[in-house]
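Engineer:
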Amino acid sequence: MTRKQKRLSVIAGGLAFLGAATGLTFYALGQKASYFYMPVDLTTASVMPGQRIRLGGLVEKGTIQRGQGAMVGFSVTDTHKSVKVTYTGILPDLFREEQGVITEGTFGPDGVFVADSVLAKHDERYMPKEVADGLKAKGVWQESKSE
Amino acid sequence: MVETGHFALVLAFALSLVQTFVPLFGARLNNQRLMAVGGPVAVTGFALTALSFAALASAYASSDFSVASVWENSHSLQPLIYKITGTWGNHEGSMLLWVLILTFFGALVAAFGSNLPATLRANVLAVQGAIGAAFFLFILATSNPFIRLNPAPIEGRDLNPILQDLGLAIHPPFLYLGYVGFSICFSFSVAALIEGRIDASWARWVRPWTLVAWMFLTGGIAMGSYWAYYELGWGGFWFWDPVENASFMPWLAGTALLHSAIVMEKRSALKIWTLLLAILTFSLSLLGTFLVRSGVLTSVHAFATDPTRGVFILCILTLFIGGSLALFALRASRLTAGGLFHPISREGALVLNNLFLTTATATVLVGTLYPLAVEAFSADKISVGAPFFNLTFGPLMVPLLLVVPFGPLLAWKRGDVFAVAQRLMVAFAAALLATLVTALFIDGASVFAALGVGLAVWLILGALTDLAVKSGVGNVAARIMVKRLLGLPRSVFGTAFAHLGLGLTTLGIVGTLCFGTEKILSMHAGETVELSGHTLRFVGLYPAQGPNYAEDRGRFELIGVSGSPVGEISSAKRFYPVRQMTTTESGIRTIGFSQLYISLGDEGKDGSVVVRLWWKPLVTLIWGGGLMMMAGAAMSLMDRRLRVGAPSRRRKQASAVTSAGLP
Amino acid sequence: MLFWVIAAILTLGASLAVLLPLAASSKGASSSGDHDLEVYRDQLSELDRDAARGLIQPADAAEARAEIARRILRLDNAGTAGGGSVGRASVAARLVATAAVLAVPLVSWGLYVKLGSPDLPSQPLSERLAKNPADSSVDELVARAEAHLAANPADGRGWDVLAPVYLRMQRFSDAAAAYRNAIRLDGDSAVRQAGLGEAIASAAGGIVSADAQDAFEAALKLDPANAKASFYLAMALAQEGRTKEAVTAWQAMLGKLPPESPWRGAFEQALAKSGSPEVASGGTTNGPDAGDIDAASSMSPQDREAMINTMVAGLDDKLRQNPRDAEGWMRLVRSYVVLGKVDQAREALGRAIAVFGADSNEAKKFTAVAASLGLTATE
Numbered sequence: 001m002t003r004k005q006k007r008l009s010v011i012a013g014g015l016a017f018l019g020a021a022t023g024l025t026f027y028a029l030g031q032k033a034s035y036f037y038m039p040v041d042l043t044t045a046s047v048m049p050g051q052r053i054r055l056g057g058l059v060e061k062g063t064i065q066r067g068q069g070a071m072v073g074f075s076v077t078d079t080h081k082s083v084k085v086t087y088t089g090i091l092p093d094l095f096r097e098e099q100g101v102i103t104e105g106t107f108g109p110d111g112v113f114v115a116d117s118v119l120a121k122h123d124e125r126y127m128p129k130e131v132a133d134g135l136k137a138k139g140v141w142q143e144s145k146s147e
Numbered sequence: 001m002v003e004t005g006h007f008a009l010v011l012a013f014a015l016s017l018v019q020t021f022v023p024l025f026g027a028r029l030n031n032q033r034l035m036a037v038g039g040p041v042a043v044t045g046f047a048l049t050a051l052s053f054a055a056l057a058s059a060y061a062s063s064d065f066s067v068a069s070v071w072e073n074s075h076s077l078q079p080l081i082y083k084i085t086g087t088w089g090n091h092e093g094s095m096l097l098w099v100l101i102l103t104f105f106g107a108l109v110a111a112f113g114s115n116l117p118a119t120l121r122a123n124v125l126a127v128q129g130a131i132g133a134a135f136f137l138f139i140l141a142t143s144n145p146f147i148r149l150n151p152a153p154i155e156g157r158d159l160n161p162i163l164q165d166l167g168l169a170i171h172p173p174f175l176y177l178g179y180v181g182f183s184i185c186f187s188f189s190v191a192a193l194i195e196g197r198i199d200a201s202w203a204r205w206v207r208p209w210t211l212v213a214w215m216f217l218t219g220g221i222a223m224g225s226y227w228a229y230y231e232l233g234w235g236g237f238w239f240w241d242p243v244e245n246a247s248f249m250p251w252l253a254g255t256a257l258l259h260s261a262i263v264m265e266k267r268s269a270l271k272i273w274t275l276l277l278a279i280l281t282f283s284l285s286l287l288g289t290f291l292v293r294s295g296v297l298t299s300v301h302a303f304a305t306d307p308t309r310g311v312f313i314l315c316i317l318t319l320f321i322g323g324s325l326a327l328f329a330l331r332a333s334r335l336t337a338g339g340l341f342h343p344i345s346r347e348g349a350l351v352l353n354n355l356f357l358t359t360a361t362a363t364v365l366v367g368t369l370y371p372l373a374v375e376a377f378s379a380d381k382i383s384v385g386a387p388f389f390n391l392t393f394g395p396l397m398v399p400l401l402l403v404v405p406f407g408p409l410l411a412w413k414r415g416d417v418f419a420v421a422q423r424l425m426v427a428f429a430a431a432l433l434a435t436l437v438t439a440l441f442i443d444g445a446s447v448f449a450a451l452g453v454g455l456a457v458w459l460i461l462g463a464l465t466d467l468a469v470k471s472g473v474g475n476v477a478a479r480i481m482v483k484r485l486l487g488l489p490r491s492v493f494g495t496a497f498a499h500l501g502l503g504l505t506t507l508g509i510v511g512t513l514c515f516g517t518e519k520i521l522s523m524h525a526g527e528t529v530e531l532s533g534h535t536l537r538f539v540g541l542y543p544a545q546g547p548n549y550a551e552d553r554g555r556f557e558l559i560g561v562s563g564s565p566v567g568e569i570s571s572a573k574r575f576y577p578v579r580q581m582t583t584t585e586s587g588i589r590t591i592g593f594s595q596l597y598i599s600l601g602d603e604g605k606d607g608s609v610v611v612r613l614w615w616k617p618l619v620t621l622i623w624g625g626g627l628m629m630m631a632g633a634a635m636s637l638m639d640r641r642l643r644v645g646a647p648s649r650r651r652k653q654a655s656a657v658t659s660a661g662l663p
Numbered sequence: 001m002l003f004w005v006i007a008a009i010l011t012l013g014a015s016l017a018v019l020l021p022l023a024a025s026s027k028g029a030s031s032s033g034d035h036d037l038e039v040y041r042d043q044l045s046e047l048d049r050d051a052a053r054g055l056i057q058p059a060d061a062a063e064a065r066a067e068i069a070r071r072i073l074r075l076d077n078a079g080t081a082g083g084g085s086v087g088r089a090s091v092a093a094r095l096v097a098t099a100a101v102l103a104v105p106l107v108s109w110g111l112y113v114k115l116g117s118p119d120l121p122s123q124p125l126s127e128r129l130a131k132n133p134a135d136s137s138v139d140e141l142v143a144r145a146e147a148h149l150a151a152n153p154a155d156g157r158g159w160d161v162l163a164p165v166y167l168r169m170q171r172f173s174d175a176a177a178a179y180r181n182a183i184r185l186d187g188d189s190a191v192r193q194a195g196l197g198e199a200i201a202s203a204a205g206g207i208v209s210a211d212a213q214d215a216f217e218a219a220l221k222l223d224p225a226n227a228k229a230s231f232y233l234a235m236a237l238a239q240e241g242r243t244k245e246a247v248t249a250w251q252a253m254l255g256k257l258p259p260e261s262p263w264r265g266a267f268e269q270a271l272a273k274s275g276s277p278e279v280a281s282g283g284t285t286n287g288p289d290a291g292d293i294d295a296a297s298s299m300s301p302q303d304r305e306a307m308i309n310t311m312v313a314g315l316d317d318k319l320r321q322n323p324r325d326a327e328g329w330m331r332l333v334r335s336y337v338v339l340g341k342v343d344q345a346r347e348a349l350g351r352a353i354a355v356f357g358a359d360s361n362e363a364k365k366f367t368a369v370a371a372s373l374g375l376t377a378t379e
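Residue numbers (UniProt numbering), protein chains in the order written: chain A, 1 to 147; chain B, 1 to 663; chain C, 1 to 379.
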């Protein structure tokens, strides 16, 4: 190989590598990014059982049930619709009735959302940003409520 | 005292303006006097910033609630240590720490930069001054820590209890030392672009600064990871949280810079690339500051929310990143390219390293910013988490880790890959053996787990092989070998330590992810549970009162082989009344390199408690590896090569060494 | 005074840092070529060390040496063009120097006068607490009590005394914590449980949450005649939209209340409003707290109204002194509206917005609350 050919092949190799990395990145974004939904969104969006999503809303009052061992069931609501969620594990410290929560997981065939992580992430108002935005958009939550 | 601090801060801002413009004009007009202003101004500016920071810290320590930021983030009942660390546990104070470190590094350049060409030094100080001026203005305009309240409230609103922790107290300073350390590399790059030429001393200066910044950033990330691990009570050590990514991106780019700077220093090659990389690394640091400080992300770490701040930092970001890249586009063609090399050589290996690391940085960047872009341009909200990064970052890292042991053994310019492979034969065989042993003899080991163990062993032994080969193992007598080993340049040790650390971290990650076990159950007092061969007895739940919290402490006994308790682990639920917040204190016991981790959940109606237990094999190696990498960086810093002499002073000595060294 | 002296000294020091290098005679600078040469020499010596140690093959070493030598040669060819010229004092340079020297005092004093509060001394907490108790404000007395309780957290009586004080100071979450501590240390009592419930409800802006309900129910269990607890439990019913049941409960309680009970007013008020959405949103009608009840128990309606007016005026006063209290402002606006003093309500709203700035979240909150009360900011 001449020096020029060598250099060209190095550059081609580099570009092929970058191309592969870019392709992989976009494939992964399409496959692995999980969308955020509020319960009422689920009536219009088509979410397959087994598709990983994040479900956010408020923990509905009076729905927290302790099951076997560390299993917990509760409903996530945006006050229009609510979705049953089951989770096995320790709930975060900030998990409370009528407080914002984000769960991540998949829908089972029975329509119950099986969460593998529950986050009660919050800003100063004890409300996850996504949940607050979603509730505001749906006219449920007003700033004045959070004193 | 408080107002003195405020005044010092304003004065430091004024000096940073002088530091920006006077040396810059001096270099342009080639005026020695104007250029000479940079040094004393930089040192004075640092002294004033330090005074300002000390004033704020003393306001925090004495609970002076007439200072608004003290009132918002402190409480008189806090232990003194957390009062003091509270100084930088909030937005305003942390930004003051940021500029304190920035001016400190500027002062170091001023103090030790006498061996730099005058114009380069002037330009570096000017760029450093400009960054300082921008951030001083940011602080004074949007986040002034010295805003006063009159009359002063009598009690503060408490530091967020999650932040009341020593790990977190040390984590931000380290992180900032890293972030801001890269500002020096950035300033050197921009200075070189302004001058239109790269001095030979450029690389010699950029490399130690990269090492310092990288060392602290490594420490900061490792500490942050350990903090999240034990404080959040989820038992995870890395969440791919945007805030973590914000510090990880400059680390990856900085690692690339560290390696390309070697090529540049040794071979004067890759000059333009190194320069660009230095700009990008600091740009990513600025981006990290923006992501964390503007509140555009909501994540476990982000406590700041105020759009005016975000827009201000975005302006700073655009100014410096855009400005430096534009300058690069204009001037890069004027810089001369350096030496040539064969693809298979030390340089080639380092280029490969750079290719992988920058691509990995890009994937992390995409994964971090993509959700923001989607949210900005459509109504959808998405999150990009571990599954994405595992799929993209993982495949990029594995081949990189595979070739790491080859790098230091290849010769410069033109290497012999077969000779190197021969030398690595022992390491390779051992790695293969480790893989087979893991796959065959450890229950539940997947193929991935076995390969992971093999990879880690390969890295560790590869690093040791480097030392062995260079000290002549097998070729010379043991006595000479030891002598040669001790006589090796420190940078060789630095490389070996850092790569060894990488191997240890890999081993820790593989061990924890692939062999860790976990149990969640509800327990009554007196019950026992077994986890991976360890028996734990739940003694009971005991209430206790801390200085500013009340807690329920769950005590567990670790039962030994004989059936009697050999140790105690306790985990607690703490309640902080002022903020009405509950936190979980995890209970951790280290056994060898592994840890038992207990996290307490809610109390049931029948008096039972939900308990989550993890067995985390080799988990401490994750951070131990980080420490090892830091040690490597420190080792390299001590190398005599990095202490460049000024002209005339060391010339005689140097030539004496030269003649003595000739055969 | 001392501060200005320090500020002047600091400014002088900073100005000297600019001035001295400008005034100093400049030394001849070495050209950048010299610096490069030094680096190359160093590289050569390092190469020799490596070669001597056998870290590098002799052939490679020779090649590398040749390469460095080439760099040195190139340096010589580039010549001494880059030599630094000594201090040409051009007009431009003079201008820059003058501007720099002037900039330090002008920028710093100009900015500081705009931003700083030079007259405010530092106020470390220990110094403030060391003052004579007689000169202390209520806030400071509370702080003392808190310091005492921090040292003796098991003093149940202390918590019991402090809890209603917190409640009156509108530090509701502190009040709740104090009541909880008192209950934990000194045992249950109807008054404590009812106080706890009130604190929790007030902290939530008057909404009787599940936690508050639990507390009130506990209070009723201990003392079925506890007026506060029954009042709030009925309020909870009203807030859930079960207005009829709430009215029934209030009426039943009103029948049972002794004629001199201070709660009569609250019950009557609640009943009068139960038709309006006001009760349902739960914002306004907070019962009087324990201290006021004692005071109000022998009052005529006129006196009672006068007392309410004084309390509102007191709150107004407190907010003038300590204006960054969003919750207080909302309470004040509401109180004025309830008392029918619309003008004063509007004026308070205006002041509240002025304190936090028109664009702040608080201001938006104020406007929203005011709007819900049928009040608009006219300014």
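Note that the Cβ used here is the ideal one computed from N, Cα and C, for glycine as well. Keep in mind it's a predicted model, so treat the numbers as computed, not measured.
Around the C-beta of B:Leu280, are 16 or more other C-beta atoms found within 10 angstroms, so that it is buried, or is it exposed?
Structural biologist: Residue burial is scored here from C-beta neighbours: B:Leu280 has at least 16 other C-beta atoms within 10 angstroms and is therefore classed as buried.
Engineer: Could you tell me if B:Met638 is buried or exposed, where buried requires 16 or more neighbouring beta carbons within 10 angstroms of its beta carbon?
Structural biologist: exposed
Engineer: For B:Pro565, which of helix, strand or coil comes out of DSSP?
Structural biologist: In the three-state scheme derived from DSSP, where H, G and I count as helix and E and B as strand, B:Pro565 is classed as strand.
Engineer: By the DSSP assignment, the alpha helix (DSSP H) with residue 429 of chain C in it spans what residues?
Structural biologist: With chain C represented from 1 up to 379, any question about residue 429 of chain C goes unanswered, as that position is not in the structure.
Engineer: Let me know if A:Thr103 comes out buried or exposed under the rule of 16 or more other beta-carbons within 10 Å of its beta-carbon.
Structural biologist: buried
Engineer: Suppose you measure from the CA of B:Pro408 to the CA of B:Asp466; what does that come to, to the nearest Å?
Structural biologist: 7 Å
Engineer: Tell me which residues of the stretch 382 to 413 of chain B have at least one Cβ-Cβ distance to chain A shorter than 9 Å, keeping chain order.
Structural biologist: Taking 9 Å as the Cβ-Cβ cut-off against chain A, the residues of the stretch 382 to 413 of chain B that qualify are Ile382, Ser383, Val384, Gly385, Ala386, Pro387, Phe388, Phe389, Asn390, Leu391, Thr392, Pro395, Leu396.
Engineer: Going by C-alpha to C-alpha distance, which of B:Ile591, B:Asp602, B:Leu461, B:Tyr226 sits closest to B:Leu401?
Structural biologist: By alpha-carbon distance to B:Leu401, the top candidate from B:Ile591, B:Asp602, B:Leu461, B:Tyr226 is B:Leu461.
Engineer: Return the Cβ separation of B:Val10 and C:Leu111 in integer angstroms, given the expectation that the two are a contact with Cβ distance under 8 Å.
Structural biologist: 5 Å
Engineer: From the DSSP output, which residues share a beta bridge with B:Gln595?
Structural biologist: B:Thr590, B:Lys616
Engineer: Is the CB-CB distance between C:Phe356 and C:Ala348 below 9 Å?
Structural biologist: No. Outside cutoff.
Engineer: Checking 9 Å against the spacing of the C-beta atoms, do B:Leu80 and B:Ala59 come in under that value?
Structural biologist: Not a contact, by the Cβ cut-off of 9 Å.
Engineer: Which residue from C:Arg128, C:Leu162, C:Ser173 puts its Cα closest to that of B:Pro153?
Structural biologist: Considering only C:Arg128, C:Leu162, C:Ser173, the residue with the shortest C-alpha distance to B:Pro153 is C:Arg128.
Engineer: Taking Cβ positions, are C:Ala177 and C:Gly158 nearer each other than 9 Å?
Structural biologist: Cβ distance not < 9 Å, so C:Ala177 and C:Gly158 don't count as in contact.
Engineer: In whole angstroms, what is the alpha-carbon distance linking A:Thr79 and A:Arg54?
Structural biologist: Answer to the nearest angstrom: the Cα atoms are 18 Å apart.
Engineer: Can you list the residues of chain B that A:Leu91 reaches, using a CB-CB cut of under 8 Å?
Structural biologist: Gly601, Asp602
Engineer: With B:Ile569 and B:Gly587 assumed to form a contact (beta carbons below 8 Å), what rounded beta-carbon distance in angstroms separates them?
Structural biologist: 4 Å
Engineer: When the Cα of B:Arg197 is compared with those of B:Leu137, B:Met1, B:Ala332, B:Gly219, which residue comes out closest?
Structural biologist: B:Ala332
Engineer: Quick one: what's got a C-beta closer than 8 Å to B:Leu621's C-beta in the same chain, skipping five residues either side?
Structural biologist: Leu504, Thr505, Leu507, Gly508, Gly511, Phe593
Engineer: Please confirm whether any heavy atom of the ligand MG lies closer than 8 Å to the CB of B:Gly181.
Structural biologist: Of the ligands one can find in the structure shown there are none, so the ligand MG has no counterpart to examine.
Engineer: Tell me the DSSP secondary structure of B:Asp466 in three-state form.
Structural biologist: helix
Engineer: Any beta-carbon of chain B closer than 9 Å to the one on C:Leu319?
Structural biologist: no
Engineer: Who does B:Phe320 pair with in a DSSP beta bridge?
Structural biologist: Looking at the DSSP assignment, B:Phe320 forms no beta bridge with any residue, so it has no partner.
Engineer: Taking the continuous beta strand (DSSP E) assigned at B:Tyr542, which residues delimit it?
Structural biologist: 534 to 545
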